[in-house]
Amino acid sequence: MSFINFSSNEIQCKIVYYGPGLGGKTTNLLYIYEHTNPDIKGKMISIDTKGDRTLFFDFLSLNLGKIRDFKIRIQLYTVPGQVTYDSTRKLVLKGVDGVVFVADSMMIKRQENIDSLQNLEANLAEKGINIFDIPLVLQYNKRDLENGNIPILTIEELQRDLNHDLHVPYFPASAINGVGVFETLREISKRVVKAVSLKILAKR
Ligand SMILES: Nc1nc2c(ncn2[C@@H]2O[C@H](COP(=O)(O)OP(=O)(O)OP(=O)(O)O)[C@@H](O)[C@H]2O)c(=O)[nH]1
Ligand SMILES: [Mg+2]
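Right, here's the structure in full:
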């Protein structure tokens, strides 16, 4: 939930990276952390991790500068993608202002992508949020595999599977090489800050 502190003139927004296990959510945050100016970022914190797998969440806070007199701080979280950790995903979604859905381009992940997006929709609905109303962008990750032996889905197939009804912005990416990572972050931040600012104006 966006949090407005009028005494310190700060607005906090929460963005959650969601998607199937091993899709590249943590890799996105790591790349952002490693390629941001130390003045604007807090520590990256990974809570409970086993090898590659997130068991609780990752967290990174970024200072985006000012809008009028307000300092804008965004907080990035990842959920654990593994199917069994649904209760943790629900916890991490608490107070969410925007979502980046990281899909895995590998062909064998096709159904997992679809299931994970449905899981997001259901978990948002439990919180009274319609997936069509919340700032959301899709990232089609692991496009670098295009040049290898692992079969991957085309952008058209991913669009048909995931974005047919949503019609939200989408970004082909290779998070491991940083391709598309900041483009994705910029778009979701823009949408979240806009939505939060409108909410604030409406309340004033
Ligand atoms: N080839 C390739 N591998 C990637 C890319 N992004 C991530 N990976 C690899 O995929 C594996 C899983 O990445 P993570 O970022 O840990 O995935 P996650 O979505 O956080 O997974 P969970 O925490 O289990 O939900 C790691 O071995 C990454 O190095 C990419 O763009 N291309
Ligand atoms: Mg992870």
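Numbering (our numbering), first residue to last: 23 to 226. Even glycine gets a Cβ: it sits at the ideal position worked out from N, Cα and C.
Could you give the residue range of the beta strand (DSSP E) that holds residue i?
i: K72; result: 67 to 72
i: T176; result: Segment: none, T176 is in no beta strand (DSSP E) and carries neither H nor E.
i: A125; result: 120 to 126
Taking 7 angstroms as the cut-off, is the CB of residue i close to at least one heavy atom of ligand 2?
i: K164; result: no
i: T100; result: yes
i: D183; result: no
i: K72; result: no
i: D80; result: yes
i: T58; result: no
i: K47; result: yes
With distances taken from CA atoms, which of the options is nearest residue i?
i: V114; options: Y99, K72, T106, Q104; result: Y99
i: Y39; options: T106, I222, L207, G170; result: L207
i: Q161; options: E134, P191, G150, E179; result: P191
i: F81; options: N145, A224, C35, I89; result: C35
i: D183; options: E134, I210, T76; result: E134
i: S138; options: G41, E32, S30; result: G41
i: R75; options: L84, L52, Q104, N145; result: Q104
i: E205; options: N27, L44, N50, I26; result: N50
i: T110; options: K65, G87, K93, I69; result: I69
i: G45; options: F28, F123, Q140; result: F123
i: D119; options: N31, D155, K225; result: D155
i: K63; options: K72, R95, G73, F79; result: R95
i: P157; options: V215, D187, R90; result: V215
i: E179; options: K47, I130, K112, T71; result: I130
i: K212; options: L86, S30, P60, I67; result: L86
Report yes if the C-beta of residue i is less than 7 angstroms from at least one heavy atom of ligand 1; otherwise report no.
i: D108; result: no
i: R75; result: yes
i: G41; result: yes
i: L167; result: yes
i: G103; result: yes
i: V38; result: no
i: S196; result: yes
Below 8 angstroms on the Cβ atoms is my contact criterion, and I expect residue i with residue j to pass it. Report the Cβ-Cβ distance as a whole number of Å.
i: V159; j: I54; result: The pair is not a contact, with the Cβ atoms about 14 angstroms apart (cut-off 8 angstroms).
i: L77; j: T58; result: Rounded, the Cβ-Cβ distance is 25 angstroms, inconsistent with contact.
i: I33; j: I26; result: 5 angstroms
Just mark residue i as buried or exposed, buried being the case when its beta carbon has 16 or more other beta carbons within 10 Å.
i: D126; result: buried
i: N152; result: exposed
Just to confirm the assignment, what range does the alpha helix (DSSP H) spanning residue i have?
i: Y53; result: 47 to 56
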